[in-house]
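**Student:** Starting off with a structure, shown below.
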């Protein structure tokens, strides 16, 4: 990085919690008519917000890609009581807004907002003719929001002129209204659109396959001699830096959980390898910055060149928790199995964390529910039928039935799912304007994703039950139930036995149970239709449930005591001493993961000393390729050092920039709440 | 078939030879190097390890310990035939565990076959990984090592051994004939100093070094560079006289010393026998021995 970027990096770190940002008393500013259509209210909030941002257009020294949030808080479209009233009529997921998606950046960059606006107006005329009131309302809102975005860019252009920044001013004269012509245009335009999406309330919005849709602009610049490769890297690095300017405002469950993800590599629409110069540049830029945003994902296959995997492993070595790998060989066919068109499946990206979605067209809700596998096992343990189970396979039948019952229960809660409109987000996707309907009313894909939490502890519990109840016959289901209910009080020898029972990732005996459990989970959701015309997708992700779900059950038969957390995502239980990453990969790729493509990575921690060996990067790359060959779906490699984490808990001031992978995202360790910190420390305990 | 006594199998070991390797750590060693960081590998018998920091003081072990039939505190450690493992079986926290397990050659081979794809070179000119025998000292279990290596060779899996070279000639010849790569530790070129720091003289080792260099086999010499023990200019000169021009020697690897690596002694109820100052490996090593390179475990 050159001096300019170093200065920008320092400024960006300072801006994250910028004291100059104002907090606006929106209720005093915006009055709502209760009868106002939802789209109109969305547009009024958005336009008011962007008006405030336009008034505070700020360009800092050294910046070439502009836009920084000046206002802390977004207007709230509905009061709590209004929202509660709406929630009585339907299920609104999380904040009730549209999120976990990626808009159609390639088309918008190629068209420019003027063309989108014109298309919306043409469609509006047709809607009016058809007396389609809802269509007119949506398109009016979309046009108003597009105008607000253009006005914001205009305000920044005026500021650039005031500061004598001709180049920036000229660029803002082109984008976002007209098509991007250069690499720099394209980056600035994505910045503006991404910024605006956040202002609309569309959170966890990723930027998708940047190496694919930005490459034509870079190629043209390079071919015309307008840009050299090092200059392009500088632009890209600044672009990445811009994701960290406002990220202090984008708080999810924890600071850092903001879904600013992107996807690199993968294939083109015909299935040919499409990794390119920008794939590598993006890896390099992320490695230079060592920041938690944007979050890097890399699509691989068993054919991915080792060189690219080595460049990716360099990021792992730095301890960024990037990249997260997704295996096309499993994910693409898995998505096709679920009904995605092959061309769309080949274009997949990730939502906020790991959920596979289709950019530009998808309106999936990939995290709408979660099944706690250990809770399912716990319920079976308590069921009257369990006592009559003649053998372990009969017990597994009960587990299967319970998974189906759990699916029934969740499905019932999702009979009416509603969300608030997002006219701008809609206009930036393919389909809504043509249909004259907001994206919240449905996209090309409207599938629901279901996480599966605590997979390994559930498998381990079943393995312990098999051993103690059905093989050794030293316990009964009843005595195990009593033991977990009393947190193994007075049953320390039994606790030891449960912990010595087979564990997934350590003992082969657990693997058939894992395969059976995962396929039963996939079966329990297969063939169900959701209320939005889509289907359900099973996955192996945990999100934050690995901290919440364990609190809903007492201890478990694997020897996990009350209150102890599950592993994050798809990983061995905490405290299980495995031989190493290889047997973990081997064991966890045994189940048929093509049936679990809602996503959720196999998560493996490596001690950071591994990377002292110069050969480690190459060997890690080889291991990643082997993971692909074995049919894994998604892989997350983290480097971690328990001593460092403990020191960071004690002296946060010394470890401000210490990055850890939390569940589907990397965060700064010192910014996490203690339960999350403690879980990561436990993950580190079994290493070396 | 001769079962081996191992104390660990480690996957994805990056310092034990070329490529991606799985390392079998064999229990028992004839040397007592004062800087040893694998003290659980020294005794040729199973031992009980105990971690006071992990122990939850539940008292389970007291009920089952055969050495304290009338109750009372379970001994911290025990070894050899005293080790019954009952306390470890009943220990819920994992504070007590038996170090040392028997493994038949066929089972050892089976345990790596499923991941053998990873041993293959990733690129046409890439390094082949495989299995490394380490310890402890593999030469104390030559029969197990040669049998296992023979089976691995039949499967086409590359084998290596990390050894101190202290063994009767017949065992040595068997060992070096059985594996593809020998990594020989030379702790000190001077016999009296060798004996002082490791407990044994180095003549048998140097004799075996001689045999190795005349065997036509390629091999690596490793030097654990211990400050004040073997990093003086005179010692480096002596190493250079010994190693420069030795036939078959492809590389000399210099391993640094870490003062913090004595952490495992407490598990055995012992203290590290010595602590040495930490300092950089002198550049003189690579100046005087052109094929020497530092590796950083």
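Chains as they are written, first to last, in the working numbering: chain A, 1 to 688; chain B, 1001 to 1297.
A virtual CB, placed ideally from N, CA and C, is assigned to each residue, including glycine.
Might you give, ordered along the chain, the residues of its own chain that have their beta carbon closer than 8 angstroms to the beta carbon of residue 519 (chain A), omitting 5 neighbours on each side?
**Tutor:** Numbered from its first residue, the first chain carries residue 519 (chain A) at position 519. Contacts found: 591, 592 and 595.
**Student:** For the alpha helix (DSSP H) containing residue 748 (chain A), name the first residue and the last one.
**Tutor:** Because residue 748 (chain A) is not part of the residues shown, which for chain A are 1 to 688, the question remains open.
**Student:** Determine the direct distance from the alpha carbon of residue 1258 (chain B) to that of residue 616 (chain A), and round the result to whole angstroms.
**Tutor:** By one-based count along the first chain, residue 616 (chain A) stands at place 616. By one-based count along the second chain, residue 1258 (chain B) stands at place 258. Roughly 20 angstroms between the two C-alpha positions.
**Student:** Under a Cβ-count criterion, where at least 16 other Cβ atoms within 10 Å of its own Cβ denotes burial, should residue 467 (chain A) be classed as buried or exposed?
**Tutor:** Residue mapping note: residue 467 (chain A) aligns to position 467 of the first chain, counting from 1. Looking at its Cβ environment, which holds 16 or more other Cβ atoms inside 10 Å, residue 467 (chain A) is buried.
**Student:** So, for residue 57 (chain A): in the same chain, excluding its five sequence neighbours on each side, which residues have a beta-carbon less than 6 angstroms away from its beta-carbon?
**Tutor:** Reading the first chain from its first residue, position 57 is the one you call residue 57 (chain A). Result list for residue 57 (chain A): 155, 156 and 159, in chain order.
**Student:** What in chain A is Cβ-close to residue 1010 (chain B), meaning under 9 angstroms?
**Tutor:** The sequence position of residue 1010 (chain B) within the second chain is 10, counting from 1. Within chain A, the residues near residue 1010 (chain B) are 579 and 580.
**Student:** Helix, strand or coil for residue 1114 (chain B)? Go by DSSP, reduced to three states.
**Tutor:** For this step, residue 1114 (chain B) is matched to residue 114 along the second chain. Reduced to three states, the DSSP call for residue 1114 (chain B) is coil.
**Student:** What does the Cβ neighbour count give for residue 688 (chain A), buried or exposed, with the cut at 16 atoms within 10 Å?
**Tutor:** Counting from 1 along the first chain, the entry for residue 688 (chain A) is found at position 688. Residue confidence for residue 688 (chain A) is low, a pLDDT of 45 falling below 50, so the modelled location carries little weight; the figure read from the coordinates is stated next. Residue 688 (chain A) should be labelled exposed.
**Student:** Quick check on the burial criterion: 16 or more other C-beta atoms within 10 angstroms. Buried or exposed for residue 1273 (chain B)?
**Tutor:** Along the second chain, one-based indexing puts residue 1273 (chain B) at 273. Counting Cβ neighbours within 10 Å, residue 1273 (chain B) comes out exposed, since fewer than 16 surround it.
**Student:** Closer than 8 angstroms is the cut-off here; do at least three beta carbon pairs connect the stretch 1053-1060 of chain B with the stretch 488-507 of chain A?
**Tutor:** Yes, the stretch 1053-1060 of chain B is in contact with the stretch 488-507 of chain A.
**Student:** Please classify residue 1230 (chain B) as buried or exposed, where buried requires at least 16 other C-beta atoms within 10 Å of its C-beta.
**Tutor:** In the second chain, counting from the first residue as 1, residue 1230 (chain B) sits at position 230. So residue 1230 (chain B) counts as buried.
**Student:** Can you name the residues of chain B whose CB is closer than 7 angstroms to the CB of residue 615 (chain A)?
**Tutor:** Locating residue 615 (chain A) in the first chain gives position 615, counting from the first residue. 1014, listed in chain order.
**Student:** Give the DSSP-derived three-state secondary structure of residue 1 (chain A) in the structure shown.
**Tutor:** On the first chain, position 1 is the one that residue 1 (chain A) refers to. Three-state DSSP puts residue 1 (chain A) in coil, outside helix and strand.
**Student:** In the stretch 1074-1094 of chain B, which residues sit with their C-beta less than 8 angstroms from some C-beta in chain A, listed in chain order?
**Tutor:** Correct list: 1089, 1090, 1091, 1092 and 1094.
**Student:** Would you mind sorting residue 122 (chain A) into buried or exposed? The rule is 16 or more other CB atoms within 10 Å of its CB.
**Tutor:** Against the first chain, residue 122 (chain A) aligns to sequence position 122. Answer is exposed; the Cβ neighbour count stays below 16.
**Student:** For the candidate residues B:1043, B:1125, B:1030 and B:1210, whose alpha-carbon lies nearest to that of residue 306 (chain A)?
**Tutor:** Mapped onto the first chain, residue 306 (chain A) falls at position 306. Cα-wise, what sits closest to residue 306 (chain A) is B:1125.
**Student:** Where does residue 156 (chain A) sit, in a helix, a strand or coil, going by DSSP?
**Tutor:** On the first chain, residue 156 (chain A) is found 156 positions in, with the first residue counted as 1. Note: residue 156 (chain A) maps to helix in three-state DSSP.
**Student:** What residue ranges within the stretch 448-511 of chain A form continuous alpha helix (DSSP H) runs of no fewer than 4 residues, ordered along the chain?
**Tutor:** Entirely contained in the stretch 448-511 of chain A, the alpha helix (DSSP H) runs reaching 4 residues are, in chain order, 455-465, 477-485 and 492-500.
**Student:** With distance defined between alpha-carbon atoms, name the residue in A:31, A:52, A:95 and A:661 nearest to residue 368 (chain A).
**Tutor:** As a first step, residue 368 (chain A) must be located in the first chain, where it is residue number 368. Of the candidates A:31, A:52, A:95 and A:661, the one whose C-alpha sits nearest the C-alpha of residue 368 (chain A) is A:95.
**Student:** Less than 8 angstroms between C-beta atoms, sequence neighbours within five positions excluded: which residues of the same chain meet that for residue 529 (chain A)?
**Tutor:** To locate residue 529 (chain A), count along the first chain from 1; it is residue 529. Correct list, in chain order: 535.
**Student:** Closest to residue 511 (chain A) by C-alpha separation, out of A:132, A:459 and A:552, would be which residue?
**Tutor:** Against the first chain, residue 511 (chain A) aligns to sequence position 511. It is A:459 whose Cα lies nearest to the Cα of residue 511 (chain A).
**Student:** With H, G and I counted as helix, E and B as strand and the rest as coil, what does DSSP make of residue 666 (chain A)?
**Tutor:** If you number the first chain from 1, residue 666 (chain A) lands on position 666. If DSSP states are grouped into helix, strand and coil, residue 666 (chain A) belongs with the strands.
**Student:** Anyone know if the C-beta pair for residue 1139 (chain B) and residue 1117 (chain B) falls short of 8 angstroms?
**Tutor:** The count along the second chain starts at 1 and reaches residue 1139 (chain B) at position 139. The count along the second chain starts at 1 and reaches residue 1117 (chain B) at position 117. Result no, Cβ atoms of residue 1139 (chain B) and residue 1117 (chain B) do not sit closer than 8 angstroms.
**Student:** By the criterion of Cβ-Cβ separation under 8 angstroms, what are the contact partners of residue 1118 (chain B) in chain A?
**Tutor:** The count along the second chain starts at 1 and reaches residue 1118 (chain B) at position 118. Here the neighbours are 582, 622, 623 and 626.
**Student:** State buried or exposed for residue 598 (chain A), treating a residue as buried only when at least 16 other CB atoms are found within 10 Å of its CB.
**Tutor:** Along the first chain, read from residue 1 onward, the residue named residue 598 (chain A) stands at position 598. Buried is the call here.
**Student:** Name the two residues that bound the continuous alpha helix (DSSP H) containing residue 1008 (chain B).
**Tutor:** Here residue 1008 (chain B) corresponds to residue number 8 of the second chain, with the count starting at 1. Note, residue 1008 (chain B): premise wrong, no alpha helix (DSSP H); beta strand (DSSP E) at 1004-1013.
**Student:** Using DSSP's beta-bridge definition, name the partner residues of residue 649 (chain A).
**Tutor:** Position 649 of the first chain, counted from the start, is the residue given in the question as residue 649 (chain A). For residue 649 (chain A), which the question treats as bridged, DSSP gives no partner whatsoever.
**Student:** Using a Cβ distance threshold of 8 angstroms, determine whether the stretch 370-377 of chain A contacts the stretch 393-410 of chain A, with at least three qualifying pairs required.
**Tutor:** Because the criterion of three Cβ pairs below 8 angstroms is met, the stretch 370-377 of chain A and the stretch 393-410 of chain A touch.
**Student:** In the DSSP assignment, the beta strand (DSSP E) including residue 1222 (chain B) goes from what residue to what residue?
**Tutor:** Numbered from 1 along the second chain, position 222 holds the residue referred to as residue 1222 (chain B). It spans 1219-1224 - the beta strand (DSSP E) in which residue 1222 (chain B) sits, taken as one unbroken run.
**Student:** Evaluate residue 73 (chain A) with the Cβ neighbour count: other Cβ atoms within 10 Å of its Cβ, from every protein chain shown; 16 or more gives buried, anything less gives exposed.
**Tutor:** If you number the first chain from 1, residue 73 (chain A) lands on position 73. Residue 73 (chain A) should be labelled exposed.
**Student:** Starting from residue 378 (chain A), follow the beta strand (DSSP E) in both directions and report where the run begins and ends.
**Tutor:** Taking the first residue of the first chain as position 1, residue 378 (chain A) is located at position 378. Taken as a continuous stretch (DSSP letters only), residue 378 (chain A) belongs to no beta strand (DSSP E), being part of the alpha helix (DSSP H) at 373-382.
**Student:** Going along the chain, which residues of its own chain have a beta-carbon closer than 8 angstroms to the beta-carbon of residue 124 (chain A), five neighbours each way excluded?
**Tutor:** Residue mapping note: residue 124 (chain A) aligns to position 124 of the first chain, counting from 1. The residues are 135, 136, 139, 140, 143 and 436.
**Student:** Per the DSSP calculation, residue 1293 (chain B) is bridged to which residue(s)?
**Tutor:** Counting from one through the second chain, the residue named residue 1293 (chain B) turns up at place 293. DSSP lists B:1253 as partners of residue 1293 (chain B).
**Student:** Which chain B residues are close to residue 502 (chain A), counting only those with a beta carbon under 7 angstroms from its beta carbon?
**Tutor:** Within the first chain, residue 502 (chain A) is the residue found at index 502, counting from 1. Correct list: empty, because the minimum Cβ distance to chain B is about 15 angstroms.
**Student:** Run through chain B and tell me which residues come within less than 7 angstroms of residue 306 (chain A), C-beta to C-beta.
**Tutor:** For the purposes of this step, residue 306 (chain A) is taken as residue 306 along the first chain, with counting starting at 1. 1122 and 1123, listed in chain order.
**Student:** Is it the case that the Cβ atoms of residue 200 (chain A) and residue 424 (chain A) are separated by a distance below 8 angstroms?
**Tutor:** As a working note, residue 200 (chain A) is residue 200 in the first chain. As a working note, residue 424 (chain A) is residue 424 in the first chain. It is a contact, given that the beta carbons lie within the stated cut-off.
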